[in-house]
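Its first residue numbered 2, the sequence shown is counted upward by one per residue in the working numbering.
A virtual CB, placed ideally from N, CA and C, is assigned to each residue, including glycine.
This one's a predicted model, so the numbers in the text were calculated from it and none came from an experiment.
Everything on this sheet refers to the single structure shown next.
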Amino acid sequence: MINTLLKREPETQLGAIGFSLGGNVLLKWLGETGKHNPLKAAIAISVPFELHKTAARIQVGFSKYYQRHLLKCICNRLSKKFEKMSSPIDRSLLKTIKTMYELDDKITAPLHGFSGIDEYYQTASSRQYLHNIQVKTLILHAKDDPLVSENAIPHANELSHHTKLEVSNAGGHVGFVAGHYPWRAEYWLEQRAATFLKEFL
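Laid out in structure tokens, this is it:
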């Protein structure tokens, strides 16, 4: 998609925003491509920097309810998708999956050619690529994110000098709602993202 946009509008400066797993993918790509990345700015929000830690975190406390809902949605979508096309997986597996770890072990890793879940989590986690990011990048995260352990948040010495990490005490997972009145909420996340992108685009 990025290449298509560049061909269509070569003079346009491009930025990208990634949320949650999308943010993880974005940071990994930025780090892998380094100075050759075509973006001018990027923002990653509520990122699960280390997938194995997130898979463990989502199985405890309140996060379990999110996991249950997420699994139901994912498995239903996969089931419907493979009704219309040849399935590379045993569809009966979808009814046995109870955790995100099981989903990644039985479905995600094999579908993407990994030997197992450990190889998948290690390869797909973005934390190890952060030092090589050469695009102006803002990472927004909250200490109270119910899906990402605080010890998975990278330290300053892991970041390139092009990357800024802002960690708030509250914000949840892709939340960051501000304001004094529930009926007049201020979405701080949107405001911060727009301000950052305007600096470079």
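### Euclidean distance between Cα positions of Leu28 and Asp145
Reading the sequence shown from its first residue, position 27 is the one you call residue 28. Reading the sequence shown from its first residue, position 144 is the one you call residue 145. Spanning the two alpha carbons is a distance of roughly 21 Å.
In the structure shown, what three-state DSSP assignment does His142 receive? For the purposes of this step, residue 142 is identified with residue 141 of the sequence shown, where counting begins at 1. For His142, the three-state secondary structure derived from DSSP is strand.
Discussion item. For Glu159 and Tyr182, I'd like the C-alpha separation in whole angstroms.
Written reply: Start at 1 with the first residue of the sequence shown, and residue 159 comes out as number 158. Start at 1 with the first residue of the sequence shown, and residue 182 comes out as number 181. Between the C-alpha atoms of Glu159 and Tyr182 there is a straight-line separation of about 38 Å.
Discussion item. Could you give the first and the last residue of the continuous beta strand (DSSP E) run that contains Glu103?
Written reply: For the purposes of this step, residue 103 is taken as the residue at position 102 of the sequence shown. From DSSP, Glu103 is part of no beta strand (DSSP E) but of the alpha helix (DSSP H) over Met101 to Leu104.
Using DSSP's beta-bridge definition, name the partner residues of Ile44. Taking the sequence shown and counting its residues from 1, the one referred to as residue 44 is at position 43. Ile44 is bridged to Ile18 and Leu139.
*Which of the three DSSP states, helix, strand or coil, is assigned to Ser169?*
One-based indexing of the sequence shown puts residue 169 at position 168. If DSSP states are grouped into helix, strand and coil, Ser169 belongs with the strands.
Where Thr164 falls: helix, strand or coil (DSSP): Walking along the sequence shown from the start, residue 164 turns up at place 163. The answer is strand: DSSP assigns Thr164 an E or B state.
Q.
Only counting the same chain, and skipping five residues up and downstream in sequence, which positions put a Cβ closer than 6 Å to that of Tyr122?
A. Against the sequence shown, residue 122 aligns to sequence position 121. Correct list, in chain order: Leu52 and His53.
_Give me the DSSP bridge partner(s) of Glu187._
Numbered from 1 along the sequence shown, position 186 holds the residue referred to as residue 187. According to DSSP, which records beta bridges pairwise, Glu187 is partnered with Ala179.
I need the boundaries of the alpha helix (DSSP H) containing Tyr1, first residue and last residue.
An answer regarding residue 1 cannot be provided, because it is not within the stretch 2 to 202 covered by the chain.
Buried or exposed for Ser93, please, with buried defined as at least 16 other CB atoms from any protein chain shown within 10 angstroms of its CB.
Residue mapping note: residue 93 aligns to position 92 of the sequence shown, counting from 1. So Ser93 counts as exposed.
Notebook entry, point to check: Looking at C-alpha atoms only, which residue of Thr164, Ala143, His142 and Pro155 is the closest neighbour of Asn133?
Noted result: Taking the sequence shown and counting its residues from 1, the one referred to as residue 133 is at position 132. The residue among Thr164, Ala143, His142 and Pro155 with its C-alpha nearest the C-alpha of Asn133 is Thr164.
Which same chain residues, not among the five before or five after Lys41, have their C-beta less than 8 Å away from its C-beta?
Here the question's residue 41 lines up with position 40 in the sequence shown. Closer than 8 Å at the Cβ level, and outside the excluded window around Lys41, lie Gln14, Leu15, Gly16, Val136, Lys137, Phe201 and Leu202.
Just the Cα atoms here: how many angstroms apart are Leu95 and Met86?
Residue 95 sits at position 94 when you count from the first residue of the sequence shown. Residue 86 sits at position 85 when you count from the first residue of the sequence shown. In a straight line, the C-alpha of Leu95 is about 16 Å away from that of Met86.
Exercise. Do the region 107-123 and the region 5-13 meet, that is, are 3 or more Cβ pairs less than 8 Å apart?
Worked result: Touching, no.
*asked:* Can you find the residues in the same chain that come closer than 8 Å, C-beta to C-beta, to Gln68, ignoring five residues on each side of it along the sequence?
replied: As a working mapping, residue 68 is identified with position 67 in the sequence shown. Same-chain partners within the cutoff: Ile59, Gln60, Thr100 and Met101.
| CB Val175 to CB Pro49, shorter than 7 Å? | On the sequence shown, position 174 is the one that residue 175 refers to. On the sequence shown, position 48 is the one that residue 49 refers to. The Cβ atoms of Val175 and Pro49 lie no closer than 7 Å to each other.
Exposed or buried, what is Trp184 when buried is set at 16 or more other beta-carbons lying within 10 Å of its beta-carbon?
-> Position 183 of the sequence shown, counted from the start, is the residue given in the question as residue 184. Under this definition Trp184 is an exposed residue.
Indicate, with yes or no, if the ligand PLP has a heavy atom lying under 6 Å from the CB of Val168. The model on display carries no ligand, and the ligand PLP is accordingly not part of it.
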